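Protein chains in written order, with the working numbering: chain R, 177 to 717; chain F, 177 to 717.
C-beta: ideal position from N, C-alpha, C; glycine also.
All values reported here derive from a predicted model rather than from experimental measurement.
There are 2 protein chains.
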Amino acid sequence: MLGRMQDWPLTVDRILDHAKSWHGDREIVSRSVEGPIVRTTYAEAHIRAKRVSNVLKGLGIGHGDRVATLAWNTARHLETWYGIMGIGAICHTLNPRLFAEQLVYIINHAEDQIIFTDLTFLPILAQIRDQIPTVKHIIVFSDDGHMSQDLPGALCYETLVNDASADCAWGGFEENTPAGLCYTSGTTGNPKGVLYSHRSNFLHTLVTMGTDVLGVSATDTVLPVVPMFHANAWGIAFSAPGVGAKLVMPGPKLDGASIHELLESEQVTFSAAVPTVWQMLLGHLRQTNGKLTSLKRVVIGGSAVPEAIVRGFRDEFGVDVTHAWGMTETSPLGTLATPNHRIAGLDAESQLKFKLKQGRPPIGIDLKLEDDEGKLLPRDGHTFGRLLVKGPFVVGEYFRGDGGQILDADGFFDTGDVATLDSDGVMQITDRSKDVIKSGGEWISSIEIENIAAGHEKAELAAVIGVFHPKWDERPLLLVKLKPGEQGTKAEFLAFLEGKIAKWWTPDDVVFVDDIPLGATGKIDKKLIRQRMADYVLPST
Amino acid sequence: MLGRMQDWPLTVDRILDHAKSWHGDREIVSRSVEGPIVRTTYAEAHIRAKRVSNVLKGLGIGHGDRVATLAWNTARHLETWYGIMGIGAICHTLNPRLFAEQLVYIINHAEDQIIFTDLTFLPILAQIRDQIPTVKHIIVFSDDGHMSQDLPGALCYETLVNDASADCAWGGFEENTPAGLCYTSGTTGNPKGVLYSHRSNFLHTLVTMGTDVLGVSATDTVLPVVPMFHANAWGIAFSAPGVGAKLVMPGPKLDGASIHELLESEQVTFSAAVPTVWQMLLGHLRQTNGKLTSLKRVVIGGSAVPEAIVRGFRDEFGVDVTHAWGMTETSPLGTLATPNHRIAGLDAESQLKFKLKQGRPPIGIDLKLEDDEGKLLPRDGHTFGRLLVKGPFVVGEYFRGDGGQILDADGFFDTGDVATLDSDGVMQITDRSKDVIKSGGEWISSIEIENIAAGHEKAELAAVIGVFHPKWDERPLLLVKLKPGEQGTKAEFLAFLEGKIAKWWTPDDVVFVDDIPLGATGKIDKKLIRQRMADYVLPST
């Protein structure tokens, strides 16, 4: 026997349909790549998205075909998403921060047939155009007057959209149909694709609407600084129209002054971005004595939020910070540091400790912490282990089966992160599992040591890696890049760490280097450091 | 091609699993039928619910079998719900306010095998015991010391639960498996069953968690006065554990003093009930000069909320009222009068007009307004028509196919309500479609006229029905029950209506009656009035 409720597949076209029907005059405000602020509404975006669908159909795109976007957050990009997904094609978001050869690999692996892009990215595309043979058309988010000749044969978005009919049926396919494709940065091996379904995106959207998750409302004005090519803009491209929030799209300008201008001119109440964006904003506000007159809450993820940002927002601007964790493989929101009742009852200073953790999972996400043997670890706030995750918007396998079977026997996905869980169920990332140092069967957090070492007044950057040790398997090695003109000794850095970490975590050696390499996302590139230090041998003690 | 996200069926057992794992020590506080306040936690309720599952299995209950509850809101009732649903059996909630013959009909129609019940309802069950042959066992929510001998052969809940193992696998079936069964009151013909699926309940839960819907948080303490037998307690039996809110269950005592005591002693922040409950509470507070020191928000539905309640809560107690509409067939939440950005920008007095409407649909609910010919009607705030609804937690067909095909060609269900939609998309119920008066092709709201007439100082109750008219098909007839000792005339009541309604809405006659019958839910029983007035003929004019 089955239930007798309506058959209503969870397809994301219904989200923009809802926004049109019930919040049709709500605005989408974009800073365009051409410069001016452009204003539209959900009702207009709905019509234009339907036109995009017809443009795609006219160019031969059908169910399951991959259509890429290489673009900033704008209303045009949003229309294009819904135009692609509405007809059952797959929206493949390309990250412009990738190296050209990675873009080539990803486009060919996905067999993208069309790329929608901004004027900004035509030089990159011109450079790789002859290496991406599946791509039949490149469509430029521009009008006739602004079209560039940088890429011969490229089509003009506004011309195509204006010529297309707005009459197009969306949906009507089953909810497990793929909707989006996003490749992980691929720190080992080639990038791998996460193939989101309509169902997974829709469920992620409903979960993020919860008060304890993103919790946006029809009364909010939402500025997603986090790019749409970065794991679905943390779902905001779906949740903002889903509730009828005003959407403010920052386009190409993510510097402090530009973001501040939009926050104030559009009276933004809610925003989301990685820590570096907020650091730039806070820096700008302090320099210019700027104010935040409408902003109430920011969500910060992508990497661990520094305490100074949480304090700065809270004490100087009255803005509440919610720390979040997730990954491309989790659609992306996995945990948020919204307080439970016990934490909410603490004073602001005591709450800070929890605000700096990555947070609690909402319903739809289950987490577990395991050691290398698969034994469950206690939720004591200090034992750390592999973080595994399960849920209806968590990856089941990568696109084209890359990487093979990736779930454990209970259906959990290994995040590659190492974390703790405390007695409130609040999770804190302590390391990446490939960076954690395994010494005599115990784990040492490389990140914790390097964060402390980086606080030494002579240090510009610090990194910790594990190196081979005949007795302990691995021991920590501290690399320090000194500030210009500084001199340092191993002894003074080890003395600096003393008392701040467990004695057995003390690095066996300190090496002063001219360069600590950073990856494309601004994180320390430990893979490269390990390559550079491949011949290093610990001094015998 | 399908998406590659995890297969994770939306089954409601995962909701209590989540509460146990991430909010295990959060309390469920119940006013027991025996009297004392009883405290438990989600972790303990989870264990006991598993024991209930084993009790059921031991009694031969399996997938798809119907197990009924006839009970107040308590932790035991909640454990039993999850215990039934977790093993794929169907939880059939019986409404104790039904007449005995309706209960008999419903139990036999559902073929319930077991009934869980409170001590309160043993006399009803004793009365009908020999008319419900499918029922093998009656289990009483009580312990050995409190067991009643009113119903020979009845089993004791605590004894069974304590003897059962807590080891039981939940879920593992497909998400369209039925989870719950609830019969509509059946104003025409026999009651009809709505068979909720795990999927529909889970999706309703996610939607209700939205900030603009119920929006409960882990930091909330929630008191559902609305009974679990009344359309899933508006979803709170799922949404409170889903977010880890503290749950306060009022048991059998719904009077103003008892509710006030719980609101204060447990520091409740959020509650939900029908208007009469709030009227009793406000009356009690005014009599006793009582305060509400923690309550922030109440949701009111079931019937239209009087303005005096909204004002009373707002002005005397600083509590925000959210008006809601729904029905058993919509799981039940369909619309909520949470403000959009335009309404939120109005002053409190101007917002009141919207707070008295039934509200906006969240994503997952679509509404349309049609005339009798199926033509879409404008959203102008005054044209009223049939209200139809569609969505993944809206009924598709009734249990056992009763009533046949109930959806229109576009898959919409006719609510039987007549409503308006305004330019903000805010819906207001104006009548039931069987009560609306169709005069010369135009519709007249019976409710609007009778609400005004009831405001006449001499009137105790007023009702309006349509009666046959040779030219106009139907014309309104006003029935008035005068206050004791009052005398009234047709002329003075018609004069009272003048200027308050359109001239052509003016009733063709006024009849003074000794009795205006009310149904089981306290609403005017127009079916009975129409029967009584079957021989009435309008005076010729």
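- Assignment of beta-bridge partners to R/ASN249 by DSSP yields R/GLY427.
- Non-local beta-carbon contacts of F/ILE260 in its own chain, meaning distances under 6 Å to residues more than five positions away in sequence, involve VAL243 and CYS267 in chain order.
- With a cutoff of 7 Å on beta-carbon distance, F/ALA195 and F/PRO417 are scored as near each other.
- Classified as exposed, R/ASP556 has fewer than 16 neighbouring CB atoms from the shown chains inside 10 Å of its CB.
- A straight line joining the alpha-carbon of F/GLY347 with that of R/ASP584 spans about 19 Å.
- Taking 7 Å as the cut-off, the Cβ atoms of F/THR606 and F/SER622 do not count as close.
- Look at the region 344 to 428 of chain R and you find these whole runs of alpha helix (DSSP H), each 4 residues long or longer: 374 to 384 and 412 to 419.
- Distances from the alpha-carbon of R/LYS614 to those of R/GLY587, R/ASP649, R/ALA407 and R/VAL594 put R/ASP649 closest.
- Excluding the 5 residues flanking it on each side, F/LYS666 has same chain C-beta neighbours closer than 6 Å at VAL686, in chain order.
- When DSSP reads this structure, F/ALA638 sits in a beta bridge with F/VAL656.
- Per the C-alpha coordinates, the member of F/VAL392, F/ALA630, F/TYR333 and F/LYS659 positioned closest to F/THR498 is F/VAL392.
- Neighbours of R/ARG536 in chain F, taken as residues whose beta carbon is under 7 Å from its own, are TRP198 in chain order.
- Contact note: F/GLY572 reaches chain R through ARG180, MET181, GLN182 and ASP183, using a C-beta cutoff of 8 Å and chain order.
- Taking every protein chain shown into account, the CB of F/SER318 has 16 or more other CB atoms within 10 angstroms, so this residue is buried.
- For F/PRO354, the chain R residues whose C-beta falls within less than 9 Å of its own C-beta are MET177, LEU178, GLY179 and ARG180, listed in chain order.
- Sequence-distant partners of R/GLY478 (beyond 5 residues in either direction) whose C-beta falls short of 6 Å from its own C-beta, in its chain, are VAL450.
- Here R/HIS285 is buried: its Cβ has 16 or more other Cβ atoms, across all protein chains shown, within 10 Å.
- The Cβ-Cβ distance between F/VAL565 and F/PHE530 does not fall below 7 Å.
- Going by DSSP, R/LEU597 is part of the beta strand (DSSP E) stretching over 589 to 597.
- Within the model, the alpha-carbon separation for F/GLN707 versus F/GLU636 is close to 21 Å.
- Considering only F/GLU440, F/PHE275 and F/TRP619, the residue with the shortest C-alpha distance to F/ILE300 is F/PHE275.
- Annotation: Cβ neighbours of R/ARG375 in chain F (cutoff 8 Å, chain order): GLY179 and MET181.
- By the criterion of at least three beta-carbon pairs nearer than 8 Å, the region 217 to 224 of chain R is not in contact with the region 428 to 438 of chain R.
- At a cut-off of 7 Å between beta-carbon atoms, R/LEU254 makes no contact with chain F.
- Spatial neighbours of F/ALA225 in its own chain (CB-CB distance under 7 Å, excluding positions within 5 residues in sequence) are listed in chain order as LEU192, GLU255, TYR258, GLY259 and GLY262.
- In this structure, the CA atom of R/THR511 is about 29 Å from the CA atom of R/GLU203.
- Not a single C-beta of chain F is nearer than 7 Å to the C-beta of R/ALA449.
- Contact between the region 572 to 582 of chain F and the region 511 to 527 of chain F is absent, with fewer than three C-beta pairs closer than 8 Å.
- Beyond the five residues adjoining it in sequence on each side, F/TRP184 comes within less than 6 Å, by CB distance, of no other residue in the same chain.
- Between F/ILE541 and F/ALA639, the gap from beta carbon to beta carbon reaches 7 Å or more.
- Taking the beta carbon of R/PHE575 as reference, the chain F residues within 7 Å of it are ARG180, listed in sequence order.
- As the crow flies, the alpha-carbon of F/PRO403 is around 13 Å from that of F/ARG207.
- F/TYR372 has a beta carbon lying within less than 7 Å of a beta carbon in chain R.
- Cβ contact annotation for R/LEU357 (same chain, cutoff 8 Å, sequence separation greater than five): ARG242, ILE266, CYS267, HIS268, THR269, ALA286, GLY369, VAL370, LEU371, TYR372 and PHE575, in chain order.
- When the alpha-carbon of F/GLN534 is set against those of F/ILE476, F/SER526 and F/ASP491, the nearest one is in F/ILE476.
- Assigned with DSSP and collapsed to three states, F/ILE539 falls in coil, not helix or strand.
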